[in-house]
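Report on the structure given below.
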Amino acid sequence: MARAGARRTVARATGVAVLRSVVEQADQLSAGPPLTVELTTVADDEAVFHDGPKVVVHRDLSPDTDYELEGIAFRTLPRPAGERLATIATVNDVHFGEIECGLLEGFDVGPVLRSGEGEPPYPETMNRAAIAEITAIRPDAVVVKGDLTTHGSKEEYRQFLDAYRPAFGDRLHHVRGNHDAYHGEDFASEAPIEVALPGVTLASLDTVVPRSASGQVSTAQLEWLDDLGARAQGPVLVFGHHHPWAPGSASRPETYFGINCDDSERLVDVFAHRPSLAGYFAGHTHRNRVRRFAATGGRPWVEVACVKDFPGSWAEYRVYEGGILQLHRRISTPDALAWTDRCRAMFAGTYAQYAFGGLADRCFVV
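Numbers 129 to 494, taken from my numbering, label the letters of the sequence shown in order.
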(Lines of atoms letter the chains of each structure in order from A and count residues from 1; the text may use other names and numbers.)
(Lines give C-alpha, C1' and ligand atoms only; values in the text may rest on other atoms or scores of the structure.)
Protein backbone atom coordinates (compact mmCIF):
# COMPACT_ATOMS: atom_id res chain seq x y z
CA MET A 1 0.00 0.00 0.00
CA ALA A 2 1.23 3.49 -0.68
CA ARG A 3 2.69 5.76 1.95
CA ALA A 4 2.01 9.36 2.93
CA GLY A 5 4.77 11.19 4.71
CA ALA A 6 6.53 10.25 7.90
CA ARG A 7 6.35 7.25 10.20
CA ARG A 8 3.39 8.53 12.20
CA THR A 9 1.37 9.03 9.04
CA VAL A 10 1.97 5.41 8.06
CA ALA A 11 0.74 4.32 11.48
CA ARG A 12 -2.49 6.25 11.04
CA ALA A 13 -3.35 5.36 7.49
CA THR A 14 -2.64 2.89 4.77
CA GLY A 15 -2.34 4.80 1.78
CA VAL A 16 -2.24 7.47 -0.74
CA ALA A 17 -2.73 4.81 -3.40
CA VAL A 18 -6.16 3.79 -2.18
CA LEU A 19 -7.45 7.21 -1.21
CA ARG A 20 -6.22 8.94 -4.34
CA SER A 21 -8.07 6.39 -6.45
CA VAL A 22 -11.22 6.59 -4.35
CA VAL A 23 -11.29 10.38 -4.19
CA GLU A 24 -10.68 10.69 -7.93
CA GLN A 25 -13.57 8.28 -8.61
CA ALA A 26 -15.91 9.60 -5.92
CA ASP A 27 -18.41 10.99 -8.40
CA GLN A 28 -18.75 7.54 -9.99
CA LEU A 29 -18.86 5.57 -6.73
CA SER A 30 -21.97 5.18 -4.64
CA ALA A 31 -21.86 6.12 -0.97
CA GLY A 32 -25.24 4.52 -0.32
CA PRO A 33 -25.97 1.36 1.61
CA PRO A 34 -24.82 -1.99 0.16
CA LEU A 35 -27.18 -4.43 -1.45
CA THR A 36 -28.94 -6.56 1.13
CA VAL A 37 -27.37 -9.70 -0.34
CA GLU A 38 -23.99 -9.73 -2.10
CA LEU A 39 -22.68 -12.49 -4.33
CA THR A 40 -19.10 -12.72 -3.13
CA THR A 41 -17.68 -15.84 -4.75
CA VAL A 42 -18.56 -17.92 -7.78
CA ALA A 43 -16.57 -21.08 -8.46
CA ASP A 44 -17.08 -23.96 -10.87
CA ASP A 45 -19.10 -25.79 -8.20
CA GLU A 46 -20.03 -23.23 -5.54
CA ALA A 47 -21.49 -19.79 -4.88
CA VAL A 48 -21.11 -17.76 -1.68
CA PHE A 49 -23.44 -14.95 -0.62
CA HIS A 50 -23.11 -12.47 2.25
CA ASP A 51 -26.01 -10.69 3.92
CA GLY A 52 -24.57 -8.75 6.84
CA PRO A 53 -23.39 -11.38 9.33
CA LYS A 54 -25.17 -14.17 7.45
CA VAL A 55 -23.17 -16.36 5.04
CA VAL A 56 -24.98 -18.61 2.58
CA VAL A 57 -22.99 -21.20 0.62
CA HIS A 58 -24.50 -23.19 -2.25
CA ARG A 59 -22.35 -26.22 -3.06
CA ASP A 60 -22.49 -29.03 -5.61
CA LEU A 61 -23.36 -26.69 -8.47
CA SER A 62 -22.67 -27.64 -12.07
CA PRO A 63 -19.85 -25.88 -13.93
CA ASP A 64 -20.58 -23.31 -16.63
CA THR A 65 -24.28 -23.21 -15.76
CA ASP A 66 -26.75 -20.38 -15.24
CA TYR A 67 -28.36 -20.11 -11.79
CA GLU A 68 -30.57 -17.71 -9.89
CA LEU A 69 -30.04 -18.07 -6.14
CA GLU A 70 -30.71 -15.67 -3.26
CA GLY A 71 -32.37 -13.41 -5.83
CA ILE A 72 -29.19 -12.99 -7.92
CA ALA A 73 -28.56 -14.44 -11.38
CA PHE A 74 -25.06 -15.66 -12.24
CA ARG A 75 -23.18 -18.31 -14.17
CA THR A 76 -20.73 -20.71 -12.57
CA LEU A 77 -17.19 -20.77 -13.89
CA PRO A 78 -16.28 -23.43 -16.43
CA ARG A 79 -14.16 -26.23 -14.99
CA PRO A 80 -10.85 -26.65 -16.79
CA ALA A 81 -10.26 -30.03 -18.38
CA GLY A 82 -8.48 -32.87 -16.64
CA GLU A 83 -7.64 -33.66 -13.05
CA ARG A 84 -7.20 -31.12 -10.30
CA LEU A 85 -3.48 -31.03 -9.59
CA ALA A 86 -2.83 -28.37 -6.94
CA THR A 87 -4.39 -25.75 -4.70
CA ILE A 88 -2.76 -22.41 -3.85
CA ALA A 89 -3.84 -19.64 -1.49
CA THR A 90 -2.63 -16.04 -1.42
CA VAL A 91 -3.01 -13.08 0.91
CA ASN A 92 -1.61 -9.57 0.83
CA ASP A 93 -1.62 -6.36 2.85
CA VAL A 94 -1.93 -8.16 6.16
CA HIS A 95 -0.45 -5.15 8.04
CA PHE A 96 0.54 -6.46 11.44
CA GLY A 97 0.97 -3.50 13.77
CA GLU A 98 -1.74 -1.27 12.32
CA ILE A 99 -4.15 0.25 14.85
CA GLU A 100 -6.20 2.73 12.77
CA CYS A 101 -7.55 2.73 9.25
CA GLY A 102 -9.48 5.20 7.14
CA LEU A 103 -7.33 8.25 7.95
CA LEU A 104 -4.89 9.98 5.63
CA GLU A 105 -3.31 13.30 6.46
CA GLY A 106 -4.05 15.96 3.89
CA PHE A 107 -7.50 14.59 3.04
CA ASP A 108 -10.56 15.59 5.05
CA VAL A 109 -12.45 12.32 4.83
CA GLY A 110 -13.41 9.65 7.31
CA PRO A 111 -14.42 7.80 9.33
CA VAL A 112 -11.30 6.66 11.16
CA LEU A 113 -11.79 3.16 12.55
CA ARG A 114 -10.16 1.25 15.40
CA SER A 115 -10.75 -2.00 17.20
CA GLY A 116 -13.19 -1.73 20.08
CA GLU A 117 -12.25 -1.49 23.74
CA GLY A 118 -10.93 -4.85 24.90
CA GLU A 119 -10.84 -6.32 21.39
CA PRO A 120 -7.64 -7.61 19.79
CA PRO A 121 -6.11 -5.39 17.10
CA TYR A 122 -8.06 -5.89 13.90
CA PRO A 123 -5.05 -7.22 11.92
CA GLU A 124 -4.84 -10.06 14.42
CA THR A 125 -8.56 -10.78 14.11
CA MET A 126 -8.46 -10.76 10.32
CA ASN A 127 -5.26 -12.75 9.88
CA ARG A 128 -6.24 -15.37 12.44
CA ALA A 129 -9.49 -15.95 10.56
CA ALA A 130 -7.77 -15.98 7.16
CA ILE A 131 -5.29 -18.58 8.36
CA ALA A 132 -8.09 -20.80 9.66
CA GLU A 133 -10.01 -20.61 6.40
CA ILE A 134 -6.94 -21.24 4.27
CA THR A 135 -5.90 -24.18 6.45
CA ALA A 136 -9.28 -25.77 5.77
CA ILE A 137 -8.63 -26.03 2.00
CA ARG A 138 -5.27 -27.79 2.59
CA PRO A 139 -3.26 -25.70 0.13
CA ASP A 140 -0.07 -26.93 -1.47
CA ALA A 141 1.41 -23.44 -1.15
CA VAL A 142 0.54 -20.13 0.51
CA VAL A 143 1.94 -16.93 -1.02
CA VAL A 144 1.92 -13.66 0.94
CA LYS A 145 2.35 -10.71 -1.44
CA GLY A 146 3.78 -8.04 0.80
CA ASP A 147 2.89 -5.43 3.38
CA LEU A 148 3.46 -7.99 6.07
CA THR A 149 3.89 -5.10 8.52
CA THR A 150 2.75 -1.52 8.97
CA HIS A 151 5.92 0.25 10.15
CA GLY A 152 8.50 -2.13 8.72
CA SER A 153 9.71 -3.19 12.16
CA LYS A 154 11.30 -6.52 13.00
CA GLU A 155 8.79 -6.96 15.83
CA GLU A 156 5.87 -6.67 13.40
CA TYR A 157 7.61 -9.09 11.04
CA ARG A 158 7.98 -11.50 13.95
CA GLN A 159 4.23 -11.20 14.57
CA PHE A 160 3.60 -12.11 10.94
CA LEU A 161 5.89 -15.14 11.11
CA ASP A 162 4.45 -16.26 14.44
CA ALA A 163 0.98 -16.23 12.90
CA TYR A 164 1.65 -17.82 9.51
CA ARG A 165 4.66 -20.10 9.89
CA PRO A 166 3.16 -22.54 12.45
CA ALA A 167 0.13 -23.01 10.21
CA PHE A 168 1.91 -23.52 6.89
CA GLY A 169 5.57 -24.32 7.53
CA ASP A 170 7.52 -24.92 4.33
CA ARG A 171 4.41 -24.22 2.25
CA LEU A 172 4.66 -20.53 3.18
CA HIS A 173 6.35 -18.19 0.69
CA HIS A 174 6.37 -14.43 1.19
CA VAL A 175 7.78 -11.24 -0.30
CA ARG A 176 7.93 -7.75 1.10
CA GLY A 177 5.81 -4.72 0.29
CA ASN A 178 6.54 -1.02 0.55
CA HIS A 179 5.48 -0.87 4.21
CA ASP A 180 8.11 -3.47 5.04
CA ALA A 181 10.98 -1.37 3.68
CA TYR A 182 10.11 2.20 4.66
CA HIS A 183 12.80 2.38 7.33
CA GLY A 184 15.63 0.48 5.69
CA GLU A 185 14.96 -3.04 6.97
CA ASP A 186 15.74 -5.83 4.51
CA PHE A 187 13.70 -8.76 5.84
CA ALA A 188 11.64 -10.78 3.34
CA SER A 189 13.88 -9.62 0.49
CA GLU A 190 14.96 -13.05 -0.80
CA ALA A 191 12.98 -12.87 -4.06
CA PRO A 192 12.91 -13.90 -6.80
CA ILE A 193 11.47 -17.18 -5.56
CA GLU A 194 10.52 -20.18 -7.69
CA VAL A 195 8.18 -22.88 -6.36
CA ALA A 196 7.37 -25.93 -8.47
CA LEU A 197 4.02 -27.63 -7.87
CA PRO A 198 2.11 -30.24 -9.87
CA GLY A 199 0.79 -28.49 -12.95
CA VAL A 200 2.10 -25.01 -12.17
CA THR A 201 5.16 -22.97 -11.20
CA LEU A 202 4.94 -20.03 -8.80
CA ALA A 203 7.29 -17.07 -9.31
CA SER A 204 7.47 -14.30 -6.70
CA LEU A 205 9.19 -10.97 -7.37
CA ASP A 206 10.48 -8.24 -5.06
CA THR A 207 8.90 -5.03 -6.37
CA VAL A 208 9.97 -2.75 -3.52
CA VAL A 209 11.83 0.55 -3.79
CA PRO A 210 13.27 0.96 -0.27
CA ARG A 211 11.84 3.96 1.62
CA SER A 212 9.25 4.58 -1.12
CA ALA A 213 5.63 3.71 -1.83
CA SER A 214 6.37 3.14 -5.52
CA GLY A 215 7.54 -0.09 -7.10
CA GLN A 216 10.13 -1.44 -9.49
CA VAL A 217 11.33 -4.69 -11.04
CA SER A 218 15.09 -4.97 -11.33
CA THR A 219 16.83 -6.00 -14.54
CA ALA A 220 18.17 -9.09 -12.78
CA GLN A 221 14.66 -10.19 -11.83
CA LEU A 222 13.31 -9.54 -15.32
CA GLU A 223 16.10 -11.68 -16.77
CA TRP A 224 15.36 -14.38 -14.21
CA LEU A 225 11.66 -14.32 -15.10
CA ASP A 226 12.41 -14.42 -18.82
CA ASP A 227 14.59 -17.49 -18.28
CA LEU A 228 11.93 -19.16 -16.15
CA GLY A 229 9.30 -18.46 -18.79
CA ALA A 230 11.54 -19.97 -21.46
CA ARG A 231 12.17 -23.24 -19.61
CA ALA A 232 8.80 -23.74 -17.92
CA GLN A 233 6.93 -26.84 -19.06
CA GLY A 234 3.56 -25.52 -17.86
CA PRO A 235 1.89 -22.32 -16.68
CA VAL A 236 3.72 -19.88 -14.40
CA LEU A 237 1.81 -17.66 -11.97
CA VAL A 238 3.80 -14.52 -11.15
CA PHE A 239 3.33 -12.68 -7.85
CA GLY A 240 4.53 -9.33 -6.53
CA HIS A 241 3.34 -6.61 -4.19
CA HIS A 242 2.99 -3.72 -6.66
CA HIS A 243 0.75 -3.65 -9.71
CA PRO A 244 2.08 -2.42 -13.07
CA TRP A 245 1.30 0.79 -14.86
CA ALA A 246 -0.75 0.06 -17.99
CA PRO A 247 1.43 0.47 -21.09
CA GLY A 248 -0.06 2.90 -23.56
CA SER A 249 -1.94 4.90 -20.93
CA ALA A 250 -2.60 8.53 -21.77
CA SER A 251 -0.75 9.60 -18.64
CA ARG A 252 2.85 8.53 -17.99
CA PRO A 253 3.67 9.87 -14.52
CA GLU A 254 7.25 10.25 -13.34
CA THR A 255 6.16 8.82 -10.00
CA TYR A 256 3.60 6.02 -10.14
CA PHE A 257 2.31 4.34 -6.99
CA GLY A 258 2.68 0.93 -8.60
CA ILE A 259 5.63 -0.38 -10.61
CA ASN A 260 7.25 2.56 -12.40
CA CYS A 261 6.32 3.05 -16.03
CA ASP A 262 9.62 1.90 -17.55
CA ASP A 263 9.78 -1.29 -15.51
CA SER A 264 6.09 -1.96 -16.14
CA GLU A 265 6.72 -1.87 -19.88
CA ARG A 266 9.68 -4.21 -19.50
CA LEU A 267 7.66 -6.62 -17.36
CA VAL A 268 4.80 -6.67 -19.84
CA ASP A 269 7.30 -7.24 -22.65
CA VAL A 270 8.67 -10.32 -20.88
CA PHE A 271 5.13 -11.67 -20.59
CA ALA A 272 4.46 -10.89 -24.25
CA HIS A 273 7.42 -13.03 -25.31
CA ARG A 274 6.81 -15.88 -22.84
CA PRO A 275 3.33 -17.41 -23.22
CA SER A 276 3.95 -19.72 -20.27
CA LEU A 277 3.65 -16.70 -17.94
CA ALA A 278 -0.06 -17.12 -17.29
CA GLY A 279 -0.82 -14.07 -15.14
CA TYR A 280 0.51 -11.49 -12.70
CA PHE A 281 -1.05 -11.16 -9.23
CA ALA A 282 -0.46 -8.15 -6.96
CA GLY A 283 -1.75 -6.47 -3.82
CA HIS A 284 -0.91 -2.89 -2.76
CA THR A 285 -4.09 -1.14 -3.94
CA HIS A 286 -6.46 -2.86 -1.49
CA ARG A 287 -8.90 -3.57 -4.29
CA ASN A 288 -10.09 -6.41 -6.50
CA ARG A 289 -9.34 -5.59 -10.12
CA VAL A 290 -8.36 -7.38 -13.32
CA ARG A 291 -6.85 -5.66 -16.33
CA ARG A 292 -5.75 -7.11 -19.65
CA PHE A 293 -3.20 -5.46 -21.91
CA ALA A 294 -3.03 -5.58 -25.69
CA ALA A 295 0.49 -7.01 -25.69
CA THR A 296 -0.45 -9.97 -23.50
CA GLY A 297 -3.91 -10.80 -24.81
CA GLY A 298 -6.26 -12.50 -22.39
CA ARG A 299 -3.73 -13.04 -19.64
CA PRO A 300 -4.85 -11.26 -16.44
CA TRP A 301 -3.03 -8.54 -14.51
CA VAL A 302 -4.67 -8.90 -11.13
CA GLU A 303 -4.98 -6.97 -7.88
CA VAL A 304 -6.50 -8.69 -4.85
CA ALA A 305 -8.02 -6.76 -1.95
CA CYS A 306 -6.43 -6.70 1.49
CA VAL A 307 -6.84 -8.99 4.47
CA LYS A 308 -7.05 -6.26 7.10
CA ASP A 309 -10.25 -4.39 6.14
CA PHE A 310 -13.18 -4.56 3.73
CA PRO A 311 -13.85 -6.94 2.15
CA GLY A 312 -11.26 -8.96 4.06
CA SER A 313 -9.89 -11.06 1.22
CA TRP A 314 -7.80 -14.03 0.33
CA ALA A 315 -7.62 -15.85 -2.99
CA GLU A 316 -7.78 -19.52 -3.86
CA TYR A 317 -6.26 -20.93 -7.05
CA ARG A 318 -7.43 -24.29 -8.34
CA VAL A 319 -4.94 -25.80 -10.75
CA TYR A 320 -6.25 -28.34 -13.25
CA GLU A 321 -4.50 -30.07 -16.12
CA GLY A 322 -6.31 -27.78 -18.53
CA GLY A 323 -6.32 -24.45 -16.71
CA ILE A 324 -6.47 -22.46 -13.48
CA LEU A 325 -9.30 -20.73 -11.60
CA GLN A 326 -8.99 -17.73 -9.27
CA LEU A 327 -11.63 -17.62 -6.53
CA HIS A 328 -11.92 -14.60 -4.27
CA ARG A 329 -12.77 -15.50 -0.69
CA ARG A 330 -14.20 -13.08 1.85
CA ILE A 331 -13.04 -13.88 5.39
CA SER A 332 -16.26 -14.95 7.07
CA THR A 333 -15.89 -15.52 10.79
CA PRO A 334 -18.44 -13.44 12.75
CA ASP A 335 -15.82 -11.09 14.22
CA ALA A 336 -14.14 -10.63 10.83
CA LEU A 337 -17.44 -9.79 9.13
CA ALA A 338 -18.40 -7.38 11.90
CA TRP A 339 -15.11 -5.52 11.45
CA THR A 340 -15.09 -5.43 7.66
CA ASP A 341 -18.70 -4.31 7.47
CA ARG A 342 -17.71 -1.33 9.62
CA CYS A 343 -14.95 -0.61 7.10
CA ARG A 344 -17.41 -0.17 4.24
CA ALA A 345 -17.90 3.39 5.46
CA MET A 346 -14.27 4.43 4.99
CA PHE A 347 -13.38 7.35 2.74
CA ALA A 348 -16.80 9.00 2.90
CA GLY A 349 -18.60 5.75 2.14
CA THR A 350 -16.97 5.12 -1.24
CA TYR A 351 -14.43 2.51 -0.17
CA ALA A 352 -16.65 -0.57 -0.34
CA GLN A 353 -17.42 -0.26 -4.04
CA TYR A 354 -13.79 0.55 -4.83
CA ALA A 355 -12.37 -2.36 -2.84
CA PHE A 356 -14.92 -5.06 -3.68
CA GLY A 357 -14.71 -4.76 -7.47
CA GLY A 358 -16.97 -6.64 -9.85
CA LEU A 359 -17.54 -10.37 -9.85
CA ALA A 360 -15.31 -10.72 -12.92
CA ASP A 361 -12.53 -8.98 -10.97
CA ARG A 362 -12.80 -11.55 -8.20
CA CYS A 363 -13.52 -14.92 -9.77
CA PHE A 364 -12.36 -15.98 -13.22
CA VAL A 365 -10.45 -18.42 -15.38
CA VAL A 366 -6.78 -17.45 -15.48
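Ideal Cβ positions, reconstructed from N, Cα and C, are used throughout, including at glycine. Just so we're clear, the structure is a prediction, and the values are computed from it rather than from any experiment.
- Contact check for TYR292 and VAL271: beta-carbon distance about 11 Å, past the 8 Å limit, so the pair fails to qualify.
- In this structure, TYR445 lies near GLN454, with their beta-carbon atoms less than 8 Å apart.
- When beta bridges are read from the DSSP output, GLU322 appears opposite ALA331.
- ASP192: not part of any alpha helix (DSSP H); DSSP gives it neither H nor E.
- Setting aside the 5 residues that flank it on each side, PRO267 is surrounded in the same chain by THR215, ILE216, ALA217 and ARG299, each with a C-beta closer than 7 Å to its C-beta; the list follows chain order.
- Taking a cut-off of 8 Å on C-beta distances, the segment 416 to 429 does not touch the segment 341 to 356, as fewer than three cross pairs fall below it.
- Counted as a single uninterrupted DSSP element, the stretch harbouring PHE315 is not any alpha helix (DSSP H), since DSSP gives it neither H nor E.
- Bounds of the alpha helix (DSSP H) holding VAL396 are 389 to 401.
- Under the criterion of beta carbons closer than 8 Å, GLY280 and GLU245 do not qualify as touching, at roughly 28 Å.
- At a Cβ-Cβ threshold of 8 Å, ASP334 and VAL303 count as neighbours.
- Each residue's CA atom was taken as its position, placing ASP172 and HIS370 some 29 Å apart.
- The beta-bridge partner set that DSSP reports for ALA406 is empty.
- The residues LEU213, ALA214, ILE216, ASP268, ALA269 and VAL447, in chain order, have a CB closer than 8 Å to that of LEU325 in the same chain once the five nearest residues on each side in sequence are set aside.
- Around the C-beta of LYS182, fewer than 16 other C-beta atoms lie within 10 Å, and the residue is accordingly described as exposed.
- Listed in chain order, the non-local C-beta contacts of ALA258 below 7 Å within the same chain comprise VAL219, VAL435, TRP442 and ILE459, local neighbours out to five positions each way being set aside.
- Fewer than three pairs of CB atoms, one per stretch, sit closer than 8 Å, so the segment 219 to 239 makes no contact with the segment 187 to 201.
- TYR448 is bridged by DSSP to ARG212 and GLY451.
- For the segment 410 to 490, the continuous alpha helix (DSSP H) assignments of 4+ residues that do not extend past its boundaries occur at 462 to 471, 479 to 484 and 487 to 490, in sequence order.
- DSSP, read as helix, strand or coil, puts ARG203 in strand.
- Cβ neighbours of ARG402 within its own chain (closer than 7 Å, five residues either side excluded): ASP354, GLY357 and ALA358.
- Of the candidates ASP437, PRO375, THR329 and ALA264, the residue whose Cα lies closest to the Cα of THR468 is ASP437.
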